[in-house]
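Numbering (the UniProt record's numbering), first residue to last: 1 to 145. All C-beta atoms, glycine included, are put in the ideal place defined by N, C-alpha and C. Predicted model, so just to flag it, every value in this text is computed and none were measured. Notes follow the structure.
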């Protein structure tokens, strides 16, 4: 593949690299899809009566998509977005390993809060974008220890 050189940037057939950060065009589309899905998820949760407290909490151990309050409960929401159902339900991507990580991250987030939450839960929210936007909300997913 040919390269086009520009100062500080290398471009190789659909791929742009700046420093150590390499992104493909497909990767950018996936990120945009994920961002749009999280925007829709936040609106969905607010319409359902939850208060979104934080989005995209990051620490060294990972990321929590959405943190919300439902009454006195802290809700940690994993959002999975797919364009179509051709690859299956978005919720199929919420694995036990992912849920254990969310539980760990929830503990980290809670330890940094001044507010006390007497209860917590983990929700998964799947979103299909086409042919029309569809939501699949699974509240209070249990994680086996």
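Taking a C-beta distance under 8 Å as the contact criterion, residue 114 and residue 137 do not qualify as a contact pair. In this structure, 63 is the residue among 42, 44, 63 with its C-alpha nearest to the C-alpha of residue 108. Shortest Cα-Cα distance from residue 140 to any of 80, 119, 93, 104 involves 119. Of all alpha-carbon atoms in 93, 85, 102, 142, the one lying nearest the alpha-carbon of residue 134 is that of 85. If you look at residue 106, you'll find it in the alpha helix (DSSP H) that goes 96 to 111. Closest by C-alpha distance to residue 45, out of 67, 87, 32, 90, is 67. Residue state for residue 47 is assigned as helix, using DSSP reduced to three classes. Under the DSSP definition of a beta bridge, residue 81 partners with 127.
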